[in-house]
Every structure is written in structure tokens, then in C-alpha cells.
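Protein chains in written order, with my numbering: chain A, 962 to 1373; chain B, 631 to 866.
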Amino acid sequence: MNQQSAPDSAGTSSRKAATLEFRSATKRYPGQDDAAVDGLSLEVPAGEICVLVGPSGCGKTTAMRMVNRMIDLTDGDILLDGKSVTEISPAQLRREVGYAIQQIGLFPHYSVADNIATVPKLLGWDRQRISARVDELLELVSLDPHETRDRYPSQLSGGQRQRIGVARALAADPPLMLMDEPFGAIDPINRERLQNEFLRLQQDIRKTIVFVTHDIDEAIKIGDKIAVLQKGGKLAQFATPAELLMYPNGKFVEDFVGADRALKRLALQRVRDIDLWKAATVRVGEPVAEAKAKLADSDINMTLLVDDDQRPLGWLADAALRGERVEKRLRSTAEPTVELDDILRDALSDLLASDSRYGAVVDGRGHVAGVLSVEVIGNFLQEAPVEARSGAELVEDPRLVAAPGSTGRRDH
Amino acid sequence: MFLLAQQGLEMPDRNEGAAGCVQNDGFCPSWIFDNFDRYVDPFLQHIVLTVVPVAIGFAISFGLAVLAHRRQWLTGPITGVTGFLYTIPSLAFFFLLQPLTGRGYLTAIIALTCYTLLIIFRNVTTGLGGVPMEARDAARGMGLTDRQLLWRVELPLALPEILAGLRIATTTTVGLAALAFFAGAGGLGAELDADYYFKSNVVVAGGLAVLLAAAFDLIILGVQRAMTPWQRARAT
């Protein structure tokens, strides 16, 4: 029964991610009026992270555990790559689906290597392949194989254990991963780090992941799509993080997302996503008349001195424009400057920290692209929903991680 | 000494060694040295009277505990029955069994086995119950079958508790086996009983029983340490 379609080499992620579909998936416990999960329908495309989020008792963990049949469906169906999970034996299904839980559940009597090797051993991999895979996974989760593989879980820190838990779930290169609050028991600082590492990891492995959390901030940070569940196991909303923040579809989601959802949106969007002020950029030696014309045309009553490559040098003092030609007399340096790819929240923070409340924006090559001010961000937050309701497109890929391609990386 | 005649045992021969010391029922090293041979057979009998009941008792209660682990409702009744057996005074047990099994090893071993059941059953049950929920959940979530879960995760993690039970059961049985001569099964108890006024005899027979208990205890402890290396792993 165990001839799995295991990868030929121990290479990372040689198996394709699976699609997952909940079809009116329902779980009722006898003697309880409310269903634990009530007619849940949603689709997770291959390689995406779907976060199930909601208050405790909303059935998010139950919904996740129905996928690998730790809990059996009462009604409806769950399809893995189009095949009903009820048609696969539980043990076989579970070996195909990675499983990581908040309490981690490392086996205290197994070394780190043996813990990670749990599923490969069940699948009957040979010793050499298992050993190679263990080392590879340890490196993948940023642990030193030589130092770690022979240790027992009791000898590791909480963060290290968490990494081992993830490595163990990834061991047999499953096409689908289930993660139940995997970072829930970690202190805030390390949680942040593990989340970032996890997102970076996901960039490489591109698994289909069902991720359960009660923390809306984590959901927004991690999820490609977020399913908000409410008590009674009903799906309140299924949307991208940006959609969820902009258009919560009702009081429950609005409350759950939080009163600070406008601020949360700042974490999802970048400076390039908003309309910047036009800057009056002048060079030393330029005729003052021209400079004044630019100033009249700009959105801010200040001139920005730039070098020949359009790189900002500083804000000009009024005295600089008194003569025939522009002189280099600065009122202040160009600090703070922000970049088009900066996350709005960070940019706002920089602006608030400076005296001026505005700053020059530069593109990837350092050229001035405009001016960002606290006022601009304020207007953006007020306007965006209105604008969007009138049919404007949603912000694309609002993830914190720099996405490859056009919206992507900084050049330095 | 009322049983002596009945059991056909002889008093230790006091005509050897340092006469004065022996006459006074004293502790006489030279007598012990000269008469040590006579304790070898009872000592070996005592080992059998310990090892056999503990082994059988372990097999039975281990099986019962694993069964009760799967079907929790069995725990109560099994604890009740083994607990009842545990409360029967050993002398009464030996005499009650005699009409059925006669005098000798069989009677002693049945009774001694019964006394190990409660201890081992409870320790195995406690051990299995103490396996962390999350380890169990993770094991099932990774596709271990119930049997794999039991043998690869639950039993190894219950091992310290199980072996602790085995140690208590063994030590207790060494002590109880000293009464097995009432059932006609010999052992060090028979030697003690043969002349319990004679200090040399009491010290040797009693001392051997104590040594035996300590030796078993150390052996099982050694096995436990060898089998549970993770317990000694310290954070570094």
C-alpha cells in the first residue's frame, strides 16, 4: 500500500503542490446544536497559503483537521487534487500531507534526525536518502546539521524546536501542508522572525498550505487568501488580505479585523501604490526663473536640490533663489528619503520621526520620484475605499515579502 | 519452628566452627564461612521465586494495561480485581491455593504472581497515560497506525514509568518470596525459619535476600538508563 509517488532525489520540493477544495464540508458532533464547521466551501490553488482565522471555537482547527482525516467529515467533501480525502486511507493520506501543530509534538525520545525522518521511515526510504534529506531540511530551516541532528528535543530552544517541527512536516516533500498555529507558542520577537523565515521558505518550496491562527495580524502577513470563520463554523469572508481590510463584509469581520484596519493596510502597501506629490527639483546653476516656475507647478512649497543624476541633495533655503541662478544654500538635508518599494507603514514611521513630516521619494536607481508626506498618506487612507468602490483595481500582491517581478525587489 | 518437622528441614548444624559463639546464638564469621554452601540452593530457589512470578506478572499486566489503554472502561475493573488480589494476606493465599494446586512451587508462584499485577498494571497505565498529547497527535497526524503509535512512541515514552513499576514489583516479590516456604517452595525464608534464634543464620539468609533485592534493582535501573538515553540529555 505504501508505494508513494516519492521524489527520485532528496531534492527540495520536487513534487508539485496540490490543489485543495472544501465542498460544503461540515462537521457536527452528536448532541450539539451548532455545527463545528458548517458548509465550508473554498478553494486553495496550488502553491498558495490559505489562512483560516477566527475567534476560538469558530471551527478553524476542526476544518483543518478534516483535511487529513484527524476528524472525519459529517457531510460535504474535501478534495485533494480533485480526489476526495475519504477515498484515501487515513494513514496513507496523512503521510502525504505535512502536519505541524502549535505544541510541535516532537518525540522526546527521538533525536532531531529521527524526528525529521518519521514519515520517510514510514514510507520505507533507504537510510542514505533519509540521512541526506535530514541534512537538507536542517539547512533549509537555518539549522546546522552537524550541531543539531543528534540532539534531543529537550536540548533545543523553543524556536529551534519550532523549526524542527516544520522540517519534520516537510520531510517527505508533501504536496500539501497543514499548520495549526505553528508560531503560537513563540515569543513575539522570535515569532516575527520565524514568520519571515517561513515566508522566505515558502518562496522556495511553494507548497499549498492551510494555516490556522487566531491572530489576524499573522493572517494578514502570512496569507495569500484569508478565510474568516465565525462561531458555529460559518465562513464569514474569504478574501485576500487587502480586500479583507478594505471591504470587510459585515460587522463581524470588521470587528475581528480591528479598528486599526486602516493602519494594517499600511503594512500591505508600498509607497509606489499611492499618488505622490510632485516635487520641484532644481540643480545648482539653473536659472531662478525656471526654478520658480517649477515651484509653482509642484504640490509642495519647497524646492528640492538634486545633482546631475536627479539624486536628492537637500531642500533649498529661500536665499538660494534670490539671485540669477540657483545657489547651493540648503535649508536642510534630503533626509528622510524613502524608496518607492518601501512599505507604507515604514515610510510613515520615517516621516513621523523627522521634523519635516515630508520626505523625498526615490526610485530604485536613486532618482527623485516625488514627495511623500504624512498628509498624502492620510488622504490615501481616506480615499482608497471610495475610489475602490467606484471600480478601481485592488492592490496587487500586498504581501510583505518582496515579490519577484515588476513590483519587486530593490536594486541594491 | 512449628513447621520444621512437617517440612523435614534440619536445624543448622551447630557442631562446627567456633563452639562458644555458636552456642550463644551469636554472629560467628567463621561458622558462616564454613557453612556458606548450605545457602546456595535456597538462594537459587529464591531467585526463581522472584524472577518467574515477576516475568509472568509483567506479561499479564502489560497486556492488560495495553488493552485498557485502548478501552479505557476496562481500567476500573482491572484495577479492582488486581487490587483485591493484592490485599489478600500471603499466608492465607498459600493455604487457600493448596487444595487446588498442592504444596510446592506452583502454589507459591501463582500467589506471588498475583501480587505483582496491581503494581505493574498501574505503572504501565500511568506511563501510557503520561505520554504527551501533542506527541500522540503529531504521530497520528503523520500517519502512524495505532500499533506504530504504541510501539514507537507511547511505550518508549512510558518506559521509565514501566520500569519503575517493575523495580517495585521485583523488590516486593523478593520480600514476599521469603514466605514461600509456607507453601512448601523453599527459598531463603525456609533457612531463616529453620533457626531464627541463631544470629549467624539470620544475618546470612536475611542478608542474601536484601542483596538479591538490591541487585535486581540495580540491574533494572541499569537497563532503564541504557534504554532511555534521552532522559539524560541536558540542554547545553
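Note that CB positions come from ideal geometry on N, CA and C, so glycine has one too. This structure is a prediction, so every number in the text was calculated from the model and none was measured.
Inset, instruction - Can you give me, in chain order, the residues of the region 762-789 of chain B that have a beta carbon less than 9 Å from any beta carbon in chain A? - result: Cβ contacts with chain A: 762, 763, 764, 765, 766, 767, 768, 769, 770, 771, 772, 773, 774, 775, 778, 782, 783, 786, 787 and 789.
Inset, instruction - Taking only beta-carbon positions, decide if residue 1070 of chain A is within less than 8 Å of chain B. - result: yes
Legend entry - Status (buried if at least 16 other CB within 10 Å, exposed otherwise) for residue 808 of chain B: buried
Inset, instruction - Please check the pair residue 1058 of chain A and residue 1139 of chain A, which I expect to be a contact at CB under 8 Å, by giving their CB distance rounded to whole angstroms. - result: 6 Å
Legend entry - Beta bridge counterpart(s) of residue 1049 of chain A as assigned by DSSP: Residue 1049 of chain A is not bridged to any residue.
Legend entry - Cβ-based neighbour list, residue 1001 of chain A, same chain, cut-off 6 Å, excluding 5 preceding and 5 following: 983, 986, 1024 and 1196
Inset, instruction - Mind reading off the beta-carbon distance from residue 1298 of chain A to residue 1280 of chain A? Whole number of angstroms is fine, and I expect it under 8 Å. - result: Not a contact, Cβ separation roughly 23 Å.
Legend entry - Below-8 Å beta-carbon distance, residue 863 of chain B vs any chain A residue: yes
Legend entry - Contact belief for residue 813 of chain B with residue 733 of chain B at Cβ below 8 Å, rounded distance in angstroms: 6 Å
Legend entry - Selection from A:1220, A:1263, A:1056 and A:1104 that minimises the alpha carbon distance to residue 1085 of chain A: A:1056
Legend entry - Selected residue, minimal CA-CA separation from residue 1072 of chain A, among A:1092, A:1054 and A:1062: A:1092
Inset, instruction - Inspect the CB distances between the region 720-732 of chain B and the region 654-670 of chain B and report whether three or more fall short of 8 Å. - result: no
Legend entry - Partner residues on chain B for residue 1170 of chain A, Cβ-Cβ distance less than 8 Å: In chain order: nothing, as chain B lies at least about 15 Å away.
Legend entry - Contacting positions in the region 1024-1041 of chain A - beta carbon closer than 9 Å to chain B: 1026, 1029 and 1031
Legend entry - residue 1276 of chain A classed as buried or exposed, judged by whether at least 16 other C-beta atoms fall within 10 angstroms: buried
Inset, instruction - Counting only runs of 3+ residues fully inside the region 1214-1257 of chain A, write out the beta strand (DSSP E) ranges in chain order. - result: 1241-1243
Legend entry - Neighbourhood of residue 1154 of chain A by C-beta distance below 8 Å, restricted to the same chain and skipping five residues each side: If we look at residue 1154 of chain A and ignore the five residues flanking it on each side, its Cβ neighbours are 1120.
Legend entry - Reduced DSSP category for residue 1273 of chain A - H, G, I as helix; E, B as strand; rest coil: strand
Inset, instruction - Consider the Cβ of residue 661 of chain B: report whether some Cβ of chain A lies at a distance smaller than 8 Å. - result: no
Legend entry - Amino acids of chain B, ordered along the chain, whose beta-carbon sits closer than 8 Å to that of residue 1060 of chain A: 768, 771 and 772
Inset, instruction - Quickly, what does DSSP pair residue 733 of chain B with across the bridge? List them, please. - result: According to DSSP, which records beta bridges pairwise, residue 733 of chain B is partnered with nothing at all.
Inset, instruction - Pick out whichever of A:1188, A:1304 and A:1264 has its Cα sitting closest to the Cα of residue 1288 of chain A. - result: A:1264
Legend entry - C-alpha gap between residue 798 of chain B and residue 744 of chain B, whole angstroms: Looking at the backbone, the Cα of residue 798 of chain B and that of residue 744 of chain B are separated by about 14 Å.
Inset, instruction - Determine the extent of the alpha helix (DSSP H) in which residue 844 of chain B is found, giving its start and end residues. - result: 829-857 is the span of the alpha helix (DSSP H), which, as asked, contains residue 844 of chain B.
Inset, instruction - Following the continuous beta strand (DSSP E) through residue 999 of chain A, name the residue where it begins and the one where it ends. - result: 998-1005
Inset, instruction - Could you confirm whether any beta carbon from chain B is found closer than 8 Å to the beta carbon of residue 1079 of chain A? - result: It does; some Cβ of chain B falls within 8 Å.
Legend entry - Proximal residues to residue 1352 of chain A (C-beta, below 8 Å), its chain only, five neighbours per side dropped: Confidence at residue 1352 of chain A is low in this model, with a pLDDT of 33, below 50, so its placement is unreliable and the value that follows should be read with caution. The beta carbon of residue 1352 of chain A sits closer than 8 Å to none of the beta carbons in its chain outside the five residues before and after it.
Legend entry - With 16 other Cβ atoms within 10 Å as the buried cut-off, status of residue 1089 of chain A: exposed
Inset, instruction - Under 7 Å between beta-carbons, which chain B residues line up against residue 1113 of chain A? List them in chain order, please. - result: Result: 860 and 863.
Inset, instruction - Using a Cβ cut-off of 7 Å, pull out every chain B residue sitting near residue 1065 of chain A, in sequence order please. - result: 764
Legend entry - Residues near residue 1104 of chain A in its chain [Cβ-Cβ closer than 7 Å; skip 5 each side]: 1121 and 1124
Legend entry - Of the residues A:1030, A:1037, A:1035 and A:1087, the one placed nearest residue 1060 of chain A, counting alpha carbons only: A:1030
Legend entry - Within chain B, partners of residue 938 of chain A - CB distance below 7 Å: The structure shown does not extend to residue 938 of chain A, since chain A is modelled only from 962 to 1373, so the question has no answer here.
Legend entry - Where residue 1036 of chain A sits in the DSSP three-state scheme: strand
Legend entry - According to DSSP, residues forming a beta bridge with residue 1298 of chain A: A:1321
Legend entry - 8 Å Cβ cutoff, residue 1090 of chain A in contact with chain B: no
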